[in-house]
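Let me begin by presenting the structure, written as C-alpha coordinates, before commenting on it.
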Amino acid sequence: MLKLVSPKSKQPLQGEVKLPPSPHFSVMSILTLATIDGGTAINVARSFHVETTTFLLKRLGCKLDWIATDKLIVECGNVDSSLKRHVISVGCYPWLIPLFTMFYTAKGNASSLLVLRGECDWMLKLNFRDVLESVGFIGGRAWFGEKLSSLLIVEGFRGCLPTSLWRIVVGDNIYTVLGTIIAAIAAGYTRPVLVRGTIPYTPWLRELVDVFNSLNLQFFIETNRFSIQTTSKTKREIIVGSTCFEAALLAAPIAASRGRAKLIGITNSECTASLTYILKSIGCEVEVREGTLILNCENREARNLIAKTVAPPLVLPYLGLGVAIKADTTLSETSGLVYEGVQLGKFTSILEKLGFAFIVERDRIASVVSEEPHKRIVVDCGRSPELCLTLIPSALSPDIETEIVFDNIETLESITPGLLEALWSLGALFKQLS
3 MLKLVSPKSK QPLQGEVKLP PSPHFSVMSI LTLATIDGGT AINVARSFHV ETTTFLLKRL
63 GCKLDWIATD KLIVECGNVD SSLKRHVISV GCYPWLIPLF TMFYTAKGNA SSLLVLRGEC
123 DWMLKLNFRD VLESVGFIGG RAWFGEKLSS LLIVEGFRGC LPTSLWRIVV GDNIYTVLGT
183 IIAAIAAGYT RPVLVRGTIP YTPWLRELVD VFNSLNLQFF IETNRFSIQT TSKTKREIIV
243 GSTCFEAALL AAPIAASRGR AKLIGITNSE CTASLTYILK SIGCEVEVRE GTLILNCENR
303 EARNLIAKTV APPLVLPYLG LGVAIKADTT LSETSGLVYE GVQLGKFTSI LEKLGFAFIV
363 ERDRIASVVS EEPHKRIVVD CGRSPELCLT LIPSALSPDI ETEIVFDNIE TLESITPGLL
423 EALWSLGALF KQLS
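In this note's numbering, the protein residues as written are 3 to 436.
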(Lines of atoms letter the chains of each structure in order from A; the text may use other names.)
(Lines give C-alpha, C1' and ligand atoms only; values in the text may rest on other atoms or scores of the structure.)
Protein backbone atom coordinates (compact mmCIF):
# COMPACT_ATOMS: atom_id res chain seq x y z
CA MET A 3 0.00 0.00 0.00
CA LEU A 4 1.56 3.27 -1.18
CA LYS A 5 0.58 6.53 0.49
CA LEU A 6 1.71 9.85 -1.02
CA VAL A 7 1.19 13.40 0.24
CA SER A 8 1.21 16.59 -1.79
CA PRO A 9 4.59 18.34 -1.51
CA LYS A 10 4.93 21.32 0.84
CA SER A 11 7.22 23.06 -1.62
CA LYS A 12 5.32 23.25 -4.90
CA GLN A 13 7.92 23.33 -7.67
CA PRO A 14 7.04 23.74 -11.37
CA LEU A 15 7.09 20.49 -13.33
CA GLN A 16 9.75 20.59 -16.02
CA GLY A 17 11.33 18.28 -18.55
CA GLU A 18 10.52 16.02 -21.45
CA VAL A 19 8.46 12.85 -21.27
CA LYS A 20 6.91 10.32 -23.63
CA LEU A 21 3.16 9.97 -23.25
CA PRO A 22 2.06 6.61 -21.81
CA PRO A 23 -0.02 4.33 -24.06
CA SER A 24 -3.80 4.51 -23.94
CA PRO A 25 -5.85 1.74 -22.25
CA HIS A 26 -8.76 2.61 -24.58
CA PHE A 27 -6.51 2.26 -27.63
CA SER A 28 -5.03 -0.95 -26.20
CA VAL A 29 -8.43 -2.63 -25.70
CA MET A 30 -9.56 -1.61 -29.19
CA SER A 31 -6.31 -2.92 -30.68
CA ILE A 32 -6.55 -6.33 -29.01
CA LEU A 33 -10.22 -6.85 -29.91
CA THR A 34 -9.63 -5.76 -33.51
CA LEU A 35 -6.70 -8.14 -33.90
CA ALA A 36 -8.90 -10.92 -32.52
CA THR A 37 -11.57 -10.21 -35.15
CA ILE A 38 -9.05 -10.69 -38.00
CA ASP A 39 -7.86 -13.95 -36.40
CA GLY A 40 -4.74 -12.54 -34.78
CA GLY A 41 -1.73 -10.27 -34.86
CA THR A 42 0.67 -8.38 -32.62
CA ALA A 43 -0.01 -5.39 -30.38
CA ILE A 44 3.05 -3.38 -29.32
CA ASN A 45 3.30 -0.76 -26.54
CA VAL A 46 0.18 -2.09 -24.81
CA ALA A 47 -1.02 -0.42 -21.59
CA ARG A 48 -1.26 -3.21 -19.01
CA SER A 49 -4.38 -1.80 -17.37
CA PHE A 50 -7.36 -3.49 -15.72
CA HIS A 51 -9.29 -2.99 -18.96
CA VAL A 52 -6.64 -4.85 -20.96
CA GLU A 53 -6.38 -7.70 -18.45
CA THR A 54 -10.17 -8.10 -18.61
CA THR A 55 -10.09 -8.14 -22.42
CA THR A 56 -7.38 -10.79 -22.57
CA PHE A 57 -9.29 -12.89 -20.03
CA LEU A 58 -12.36 -12.78 -22.29
CA LEU A 59 -10.35 -13.87 -25.33
CA LYS A 60 -8.77 -16.75 -23.44
CA ARG A 61 -12.22 -17.93 -22.39
CA LEU A 62 -13.17 -17.99 -26.06
CA GLY A 63 -10.22 -20.20 -26.89
CA CYS A 64 -7.82 -17.58 -28.27
CA LYS A 65 -4.11 -17.97 -27.58
CA LEU A 66 -2.39 -14.93 -26.08
CA ASP A 67 1.31 -14.64 -25.42
CA TRP A 68 3.04 -11.72 -23.71
CA ILE A 69 6.51 -11.86 -25.29
CA ALA A 70 7.48 -8.64 -23.51
CA THR A 71 5.89 -6.53 -20.79
CA ASP A 72 4.10 -4.44 -23.42
CA LYS A 73 4.03 -6.74 -26.48
CA LEU A 74 1.15 -9.16 -26.99
CA ILE A 75 0.67 -11.81 -29.67
CA VAL A 76 -2.99 -12.68 -30.30
CA GLU A 77 -4.07 -15.87 -32.11
CA CYS A 78 -7.80 -16.32 -32.68
CA GLY A 79 -7.90 -18.22 -35.97
CA ASN A 80 -9.44 -21.41 -34.58
CA VAL A 81 -11.69 -20.24 -31.78
CA ASP A 82 -13.55 -23.31 -30.57
CA SER A 83 -14.30 -23.03 -26.88
CA SER A 84 -16.27 -25.95 -25.50
CA LEU A 85 -17.76 -23.69 -22.84
CA LYS A 86 -21.35 -22.65 -23.45
CA ARG A 87 -21.41 -19.88 -20.83
CA HIS A 88 -18.76 -17.30 -20.06
CA VAL A 89 -18.90 -14.90 -17.10
CA ILE A 90 -16.75 -11.76 -17.36
CA SER A 91 -16.55 -8.89 -14.87
CA VAL A 92 -16.11 -5.41 -16.35
CA GLY A 93 -15.37 -3.97 -12.90
CA CYS A 94 -16.80 -0.46 -12.69
CA TYR A 95 -16.10 0.43 -16.33
CA PRO A 96 -19.30 0.38 -18.40
CA TRP A 97 -17.47 1.46 -21.58
CA LEU A 98 -16.28 -2.13 -21.93
CA ILE A 99 -19.86 -3.45 -22.12
CA PRO A 100 -20.82 -2.39 -25.69
CA LEU A 101 -17.37 -3.40 -26.97
CA PHE A 102 -17.61 -6.88 -25.46
CA THR A 103 -21.30 -7.24 -26.37
CA MET A 104 -20.84 -6.44 -30.06
CA PHE A 105 -17.60 -8.42 -30.30
CA TYR A 106 -19.16 -11.51 -28.73
CA THR A 107 -22.27 -11.29 -30.91
CA ALA A 108 -20.08 -11.65 -34.01
CA LYS A 109 -17.27 -13.84 -32.63
CA GLY A 110 -18.87 -16.04 -29.95
CA ASN A 111 -19.92 -19.60 -30.80
CA ALA A 112 -23.52 -19.85 -31.97
CA SER A 113 -25.92 -20.34 -29.03
CA SER A 114 -23.19 -19.78 -26.42
CA LEU A 115 -23.71 -17.04 -23.83
CA LEU A 116 -21.60 -14.22 -22.42
CA VAL A 117 -22.66 -12.89 -19.02
CA LEU A 118 -21.29 -9.43 -18.21
CA ARG A 119 -21.19 -8.56 -14.53
CA GLY A 120 -20.41 -5.30 -12.77
CA GLU A 121 -18.82 -4.44 -9.44
CA CYS A 122 -20.51 -1.12 -8.55
CA ASP A 123 -24.14 -0.78 -7.50
CA TRP A 124 -24.68 2.43 -9.50
CA MET A 125 -24.18 0.45 -12.72
CA LEU A 126 -27.66 -1.03 -12.21
CA LYS A 127 -29.12 2.42 -12.92
CA LEU A 128 -27.42 2.76 -16.31
CA ASN A 129 -29.51 2.43 -19.43
CA PHE A 130 -27.97 -0.01 -21.90
CA ARG A 131 -31.09 -0.14 -24.03
CA ASP A 132 -29.25 1.41 -26.98
CA VAL A 133 -26.73 -1.45 -26.81
CA LEU A 134 -29.45 -4.12 -26.66
CA GLU A 135 -31.44 -2.56 -29.50
CA SER A 136 -28.29 -2.25 -31.60
CA VAL A 137 -27.48 -5.94 -31.08
CA GLY A 138 -31.00 -6.81 -32.24
CA PHE A 139 -30.78 -4.55 -35.28
CA ILE A 140 -27.64 -6.31 -36.55
CA GLY A 141 -29.24 -9.73 -36.09
CA GLY A 142 -28.02 -10.74 -32.64
CA ARG A 143 -29.68 -11.17 -29.27
CA ALA A 144 -28.94 -9.77 -25.80
CA TRP A 145 -31.00 -8.98 -22.72
CA PHE A 146 -30.84 -7.43 -19.26
CA GLY A 147 -29.90 -9.66 -16.34
CA GLU A 148 -31.21 -7.02 -13.89
CA LYS A 149 -28.58 -7.65 -11.23
CA LEU A 150 -24.89 -6.89 -10.79
CA SER A 151 -23.86 -10.50 -11.31
CA SER A 152 -25.50 -10.42 -14.75
CA LEU A 153 -25.88 -6.88 -16.05
CA LEU A 154 -26.17 -8.04 -19.66
CA ILE A 155 -26.40 -11.48 -21.24
CA VAL A 156 -25.26 -11.84 -24.85
CA GLU A 157 -25.76 -14.73 -27.27
CA GLY A 158 -23.04 -15.69 -29.76
CA PHE A 159 -23.96 -15.57 -33.45
CA ARG A 160 -20.66 -16.36 -35.18
CA GLY A 161 -21.26 -17.02 -38.86
CA CYS A 162 -24.99 -16.38 -38.47
CA LEU A 163 -25.33 -12.58 -38.64
CA PRO A 164 -27.24 -11.29 -41.68
CA THR A 165 -25.51 -9.27 -44.39
CA SER A 166 -28.59 -7.13 -44.97
CA LEU A 167 -28.39 -3.48 -43.99
CA TRP A 168 -27.30 -3.00 -40.36
CA ARG A 169 -28.78 -0.31 -38.14
CA ILE A 170 -27.84 0.72 -34.61
CA VAL A 171 -29.05 3.11 -31.93
CA VAL A 172 -26.60 5.61 -30.46
CA GLY A 173 -27.16 7.48 -27.20
CA ASP A 174 -24.41 8.90 -24.98
CA ASN A 175 -22.37 5.71 -25.27
CA ILE A 176 -19.90 6.21 -28.13
CA TYR A 177 -18.51 2.71 -27.60
CA THR A 178 -21.61 1.19 -29.22
CA VAL A 179 -20.29 2.58 -32.51
CA LEU A 180 -16.80 1.20 -31.92
CA GLY A 181 -18.17 -2.19 -30.91
CA THR A 182 -20.30 -2.31 -34.05
CA ILE A 183 -17.24 -1.63 -36.23
CA ILE A 184 -15.46 -4.56 -34.57
CA ALA A 185 -18.52 -6.77 -35.14
CA ALA A 186 -18.67 -5.71 -38.79
CA ILE A 187 -15.03 -6.68 -39.31
CA ALA A 188 -15.59 -10.04 -37.62
CA ALA A 189 -18.71 -10.75 -39.68
CA GLY A 190 -17.24 -9.57 -42.97
CA TYR A 191 -19.94 -6.90 -43.23
CA THR A 192 -18.95 -4.18 -45.72
CA ARG A 193 -22.11 -2.09 -46.23
CA PRO A 194 -22.77 1.20 -44.40
CA VAL A 195 -24.23 1.04 -40.90
CA LEU A 196 -27.18 3.39 -40.44
CA VAL A 197 -27.42 5.28 -37.15
CA ARG A 198 -30.59 6.27 -35.31
CA GLY A 199 -29.72 9.33 -33.30
CA THR A 200 -26.73 11.64 -33.50
CA ILE A 201 -23.26 10.23 -32.98
CA PRO A 202 -21.79 12.12 -29.99
CA TYR A 203 -18.15 12.86 -29.22
CA THR A 204 -16.98 12.41 -32.82
CA PRO A 205 -13.49 13.82 -32.01
CA TRP A 206 -13.05 10.99 -29.46
CA LEU A 207 -14.41 8.49 -31.98
CA ARG A 208 -11.91 9.68 -34.61
CA GLU A 209 -9.12 9.42 -32.04
CA LEU A 210 -9.89 5.75 -31.36
CA VAL A 211 -10.55 4.66 -34.95
CA ASP A 212 -6.84 5.19 -35.59
CA VAL A 213 -6.70 1.53 -34.53
CA PHE A 214 -8.38 0.59 -37.80
CA ASN A 215 -6.23 2.96 -39.83
CA SER A 216 -3.15 1.24 -38.40
CA LEU A 217 -4.35 -2.03 -39.96
CA ASN A 218 -5.23 -0.44 -43.32
CA LEU A 219 -8.94 -0.71 -42.54
CA GLN A 220 -10.65 2.41 -43.83
CA PHE A 221 -13.29 4.06 -41.63
CA PHE A 222 -15.81 6.58 -42.97
CA ILE A 223 -18.27 8.58 -40.87
CA GLU A 224 -21.18 10.82 -41.86
CA THR A 225 -24.01 12.39 -39.88
CA ASN A 226 -26.22 9.30 -39.71
CA ARG A 227 -24.04 6.48 -41.02
CA PHE A 228 -20.57 5.01 -40.93
CA SER A 229 -18.74 2.21 -42.69
CA ILE A 230 -15.55 0.19 -42.54
CA GLN A 231 -13.77 -1.14 -45.63
CA THR A 232 -11.04 -3.75 -45.77
CA THR A 233 -8.15 -3.74 -48.23
CA SER A 234 -6.01 -6.49 -49.69
CA LYS A 235 -3.08 -5.20 -47.66
CA THR A 236 -4.52 -5.53 -44.17
CA LYS A 237 -1.75 -5.40 -41.57
CA ARG A 238 -1.53 -7.56 -38.47
CA GLU A 239 0.56 -5.35 -36.22
CA ILE A 240 -0.53 -2.35 -34.17
CA ILE A 241 1.68 0.03 -32.24
CA VAL A 242 -0.57 1.34 -29.48
CA GLY A 243 -0.40 5.09 -29.16
CA SER A 244 -1.64 7.64 -26.67
CA THR A 245 -4.73 9.79 -26.97
CA CYS A 246 -5.63 13.35 -26.01
CA PHE A 247 -6.71 11.93 -22.63
CA GLU A 248 -3.19 10.81 -21.67
CA ALA A 249 -1.88 14.17 -22.89
CA ALA A 250 -4.42 16.02 -20.74
CA LEU A 251 -3.62 13.93 -17.66
CA LEU A 252 -0.04 15.21 -17.82
CA ALA A 253 -0.72 18.69 -19.21
CA ALA A 254 -3.14 19.54 -16.36
CA PRO A 255 -0.61 19.10 -13.49
CA ILE A 256 2.11 20.78 -15.57
CA ALA A 257 -0.14 23.79 -16.09
CA ALA A 258 -1.30 23.78 -12.46
CA SER A 259 2.31 23.81 -11.23
CA ARG A 260 3.22 26.69 -13.59
CA GLY A 261 5.62 24.33 -15.31
CA ARG A 262 7.03 23.92 -18.78
CA ALA A 263 7.54 20.61 -20.55
CA LYS A 264 7.50 18.66 -23.78
CA LEU A 265 5.05 15.78 -24.16
CA ILE A 266 6.19 13.40 -26.89
CA GLY A 267 3.81 11.21 -28.87
CA ILE A 268 0.73 13.41 -29.15
CA THR A 269 -1.70 13.06 -32.04
CA ASN A 270 -2.57 16.06 -34.18
CA SER A 271 -6.33 15.72 -33.84
CA GLU A 272 -9.50 17.67 -33.10
CA CYS A 273 -9.36 16.23 -29.59
CA THR A 274 -5.83 17.58 -29.12
CA ALA A 275 -6.96 20.94 -30.51
CA SER A 276 -9.56 21.10 -27.71
CA LEU A 277 -6.83 20.52 -25.14
CA THR A 278 -4.55 23.20 -26.57
CA TYR A 279 -7.47 25.65 -26.62
CA ILE A 280 -8.12 25.05 -22.92
CA LEU A 281 -4.45 25.52 -22.04
CA LYS A 282 -4.17 28.72 -24.05
CA SER A 283 -7.36 30.07 -22.46
CA ILE A 284 -5.66 30.10 -19.04
CA GLY A 285 -2.50 31.82 -20.31
CA CYS A 286 -0.22 28.92 -21.26
CA GLU A 287 1.95 29.06 -24.35
CA VAL A 288 1.21 25.94 -26.40
CA GLU A 289 2.61 24.52 -29.61
CA VAL A 290 2.12 21.14 -31.28
CA ARG A 291 5.01 20.26 -33.55
CA GLU A 292 6.03 16.92 -35.07
CA GLY A 293 4.12 14.82 -32.55
CA THR A 294 5.27 16.86 -29.54
CA LEU A 295 3.20 19.16 -27.32
CA ILE A 296 5.41 22.02 -26.15
CA LEU A 297 3.91 23.65 -23.08
CA ASN A 298 4.95 26.73 -21.09
CA CYS A 299 2.59 27.69 -18.26
CA GLU A 300 4.84 29.96 -16.20
CA ASN A 301 2.36 32.82 -16.71
CA ARG A 302 -0.91 30.94 -16.46
CA GLU A 303 -3.77 32.71 -14.66
CA ALA A 304 -6.93 31.79 -12.77
CA ARG A 305 -9.25 32.68 -15.64
CA ASN A 306 -12.67 31.15 -16.06
CA LEU A 307 -12.42 27.73 -17.66
CA ILE A 308 -15.31 26.98 -20.00
CA ALA A 309 -15.26 23.98 -22.32
CA LYS A 310 -17.44 21.70 -24.40
CA THR A 311 -16.36 18.13 -23.69
CA VAL A 312 -15.29 16.51 -26.97
CA ALA A 313 -14.19 13.27 -25.26
CA PRO A 314 -15.90 11.95 -22.09
CA PRO A 315 -12.72 11.15 -20.09
CA LEU A 316 -11.40 14.70 -20.62
CA VAL A 317 -13.84 15.89 -17.95
CA LEU A 318 -11.42 14.59 -15.28
CA PRO A 319 -8.28 16.58 -16.20
CA TYR A 320 -10.29 19.65 -17.24
CA LEU A 321 -12.19 19.74 -13.95
CA GLY A 322 -8.99 18.97 -12.04
CA LEU A 323 -7.18 21.83 -13.74
CA GLY A 324 -10.00 24.30 -13.03
CA VAL A 325 -9.98 23.42 -9.33
CA ALA A 326 -6.18 23.52 -9.12
CA ILE A 327 -5.92 27.08 -10.46
CA LYS A 328 -8.99 28.26 -8.49
CA ALA A 329 -10.94 29.11 -11.63
CA ASP A 330 -14.70 29.11 -12.00
CA THR A 331 -15.26 26.16 -14.33
CA THR A 332 -18.13 25.09 -16.58
CA LEU A 333 -17.97 21.88 -18.60
CA SER A 334 -20.80 20.90 -20.94
CA GLU A 335 -21.70 17.62 -22.69
CA THR A 336 -20.50 15.55 -19.74
CA SER A 337 -23.18 12.83 -19.81
CA GLY A 338 -20.87 10.28 -21.48
CA LEU A 339 -18.51 10.36 -18.50
CA VAL A 340 -20.62 7.84 -16.57
CA TYR A 341 -19.58 5.12 -19.02
CA GLU A 342 -15.94 5.79 -18.09
CA GLY A 343 -16.79 4.61 -14.58
CA VAL A 344 -17.27 8.03 -12.97
CA GLN A 345 -20.09 9.26 -10.77
CA LEU A 346 -19.61 13.03 -10.76
CA GLY A 347 -22.07 13.49 -7.91
CA LYS A 348 -19.83 11.44 -5.64
CA PHE A 349 -16.77 13.51 -6.60
CA THR A 350 -18.10 16.80 -5.42
CA SER A 351 -18.15 16.03 -1.69
CA ILE A 352 -14.35 15.70 -1.77
CA LEU A 353 -13.68 18.53 -4.22
CA GLU A 354 -15.84 20.90 -2.15
CA LYS A 355 -13.29 20.52 0.65
CA LEU A 356 -10.88 22.48 -1.56
CA GLY A 357 -13.22 25.48 -1.26
CA PHE A 358 -15.60 25.01 -4.18
CA ALA A 359 -19.34 24.72 -4.71
CA PHE A 360 -20.59 22.47 -7.52
CA ILE A 361 -23.65 22.21 -9.70
CA VAL A 362 -23.93 18.76 -11.30
CA GLU A 363 -26.55 18.22 -13.98
CA ARG A 364 -27.01 15.40 -16.45
CA ASP A 365 -24.97 17.06 -19.18
CA ARG A 366 -23.10 19.82 -17.35
CA ILE A 367 -20.92 20.46 -14.32
CA ALA A 368 -20.03 23.87 -12.93
CA SER A 369 -17.78 24.86 -10.04
CA VAL A 370 -17.22 28.19 -8.31
CA VAL A 371 -14.86 29.23 -5.55
CA SER A 372 -17.06 29.66 -2.48
CA GLU A 373 -15.69 28.70 0.94
CA GLU A 374 -12.53 28.34 2.97
CA PRO A 375 -10.79 25.10 2.02
CA HIS A 376 -9.98 22.34 4.49
CA LYS A 377 -6.41 22.12 5.71
CA ARG A 378 -6.14 18.42 4.90
CA ILE A 379 -8.09 15.85 2.91
CA VAL A 380 -7.54 12.13 2.46
CA VAL A 381 -8.68 10.22 -0.62
CA ASP A 382 -8.58 6.45 -1.12
CA CYS A 383 -7.44 5.79 -4.69
CA GLY A 384 -8.41 2.15 -4.28
CA ARG A 385 -12.07 3.14 -4.01
CA SER A 386 -11.97 5.92 -6.61
CA PRO A 387 -8.84 6.09 -8.79
CA GLU A 388 -10.59 8.59 -11.10
CA LEU A 389 -11.02 11.01 -8.19
CA CYS A 390 -7.30 10.76 -7.51
CA LEU A 391 -6.57 11.60 -11.14
CA THR A 392 -8.73 14.70 -10.77
CA LEU A 393 -6.92 15.79 -7.59
CA ILE A 394 -3.33 15.39 -8.83
CA PRO A 395 -3.20 18.90 -10.41
CA SER A 396 -4.33 20.43 -7.09
CA ALA A 397 -1.67 18.48 -5.19
CA LEU A 398 1.02 20.13 -7.34
CA SER A 399 -0.50 23.62 -7.60
CA PRO A 400 1.06 26.50 -5.60
CA ASP A 401 -2.45 28.01 -5.41
CA ILE A 402 -3.79 25.12 -3.30
CA GLU A 403 -2.76 25.15 0.37
CA THR A 404 -4.76 22.06 1.35
CA GLU A 405 -2.60 19.02 2.08
CA ILE A 406 -3.84 16.12 -0.03
CA VAL A 407 -3.12 12.55 1.05
CA PHE A 408 -3.43 9.80 -1.57
CA ASP A 409 -3.99 6.36 -0.05
CA ASN A 410 -3.37 3.31 -2.26
CA ILE A 411 -2.12 5.52 -5.08
CA GLU A 412 -0.55 2.52 -6.78
CA THR A 413 -4.11 1.72 -7.91
CA LEU A 414 -3.68 4.38 -10.60
CA GLU A 415 -1.47 1.93 -12.45
CA SER A 416 -4.55 -0.22 -13.02
CA ILE A 417 -6.30 2.47 -15.07
CA THR A 418 -3.49 4.77 -16.30
CA PRO A 419 -0.25 2.75 -16.45
CA GLY A 420 2.83 4.93 -16.66
CA LEU A 421 1.25 8.15 -15.39
CA LEU A 422 2.95 8.24 -11.98
CA GLU A 423 6.32 7.41 -13.51
CA ALA A 424 5.88 10.26 -16.00
CA LEU A 425 4.99 12.72 -13.21
CA TRP A 426 8.02 11.71 -11.17
CA SER A 427 10.28 12.16 -14.20
CA LEU A 428 8.95 15.72 -14.52
CA GLY A 429 9.84 16.46 -10.90
CA ALA A 430 6.63 15.82 -8.97
CA LEU A 431 7.94 15.83 -5.38
CA PHE A 432 5.27 13.82 -3.60
CA LYS A 433 6.16 12.85 -0.05
CA GLN A 434 5.84 9.15 0.72
CA LEU A 435 4.35 8.04 4.04
CA SER A 436 4.88 4.62 5.59
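Ideal Cβ placement from N, Cα and C applies to all residues, glycine included.
Predicted model only: the values in this text are computed from it and were never measured.
8 Å or more divides the Cβ of VAL242 from the Cβ of ASN270. When secondary structure is reduced to three states using DSSP, SER91 falls in the strand class.
Closest in alpha carbon position to GLN13, among PRO255, SER229, LEU101 and LEU6, is PRO255. DSSP lists GLY41 and LEU66 as the beta-bridge partner residues of VAL76.
For GLY17, DSSP records a beta bridge to ALA263. Here the C-alpha atom of ILE187 lies approximately 15 Å from the C-alpha atom of TYR177. ASP39 and THR245 have their alpha carbons spaced roughly 26 Å apart. Using a Cβ distance threshold of 8 Å, THR404 and ILE367 do not count as a contacting pair. Rounded to whole angstroms, the separation of the alpha carbons of VAL211 and THR200 is 18 Å. Here the stretch 164-183 makes contact with the stretch 338-346; the two share three or more CB pairs at distances below 8 Å.
Listed in chain order, the non-local C-beta contacts of PHE349 below 6 Å within the same chain comprise LEU389, local neighbours out to five positions each way being set aside.
Judged by their CB atoms, PRO315 and CYS273 are not nearer to each other than the 8 Å cut-off. Here TRP97 is buried. Its C-beta has 16 or more other C-beta atoms within 10 Å.
Short of 8 Å from the beta carbon of LYS264, and not among the five residues preceding or following it, lie these beta carbons of its own chain, in chain order: GLY17, GLU18, VAL19, THR294, LEU295, ILE296 and LEU297.
Assignment of beta-bridge partners to THR294 by DSSP yields ILE266 and ARG291. Collapsing the DSSP output to three states places TRP426 in a helix. Within the stretch 304-385, the complete beta strand (DSSP E) segments of 3 residues or longer fall at 307-310, 331-334, 358-363, 366-371 and 378-382, listed in chain order.
One alpha carbon belongs to LEU217, the other to PRO22, and they sit about 21 Å apart.
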